[in-house]
Amino acid sequence: MDKGKKEGRYQRLCRQIEDLLLKTPDTTAAMATISAVLFNKMEYFFWCGFYRLDDERLIVGPYQGPPACQILEGRGVCLAAVHQNKTIVVPDVHNFPGHIACDSRSLSEIVVPVRNASGQIVAVLDVDSKELSSFDETDALYLEKIVGLLTR
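Per numbering that gives the first Met the number 0, the very first residue in the sequence shown carries number 0; after that it's consecutive.
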């Protein structure tokens, strides 16, 4: 998808998700809504969902796509995003040391930290694609904006 088309789609999705999240104060419902909208509107998203931080491990939360790893601990892109305190874009998961393959069809990934109102990471948004190099700075920018809606 070209950058302009991708940006336009994300802008529309941000508005749609923002409107939908006004209907519930519940974080789990909001995460489920975000996962569903993104998964169904972004054709290159193979898996889209949240992992919630529980001490030094991540536990799967609302998601869309094939069955997921239930608990992530010790390694992987999701925990790297938590430990590095930033969004991580992985063009080829096979080149990421310690990658956890929940589904062998996933080839690229982006993980975005989710913060509470105090700025602490409480979860991550994890998105996988069946294509290499699916994610870029546009995805990072808009997915960060979308997860930011969870603290409103």
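Glycine is no exception: its CB is placed at the ideal position from the N, C-alpha and C atoms.
Check: Reduced DSSP category for Ala122 - H, G, I as helix; E, B as strand; rest coil; Outcome: strand
Check: Cβ neighbour criterion (16 or more within 10 Å) applied to Pro112; Outcome: buried
Check: Residue span of the beta strand (DSSP E) that contains Phe95, given as start and end; Outcome: Run containing Phe95: none; DSSP gives neither H nor E here.
Check: Cβ-Cβ separation, Ser107 to Asp91 (assumed contact under 8 Å), whole Å; Outcome: 6 Å
Check: Nearest residue (CA-CA) to Pro65, options Asp135, Phe134 and Lys129; Outcome: Lys129
Check: Collapsed DSSP secondary structure at Leu52 in the structure displayed; Outcome: strand
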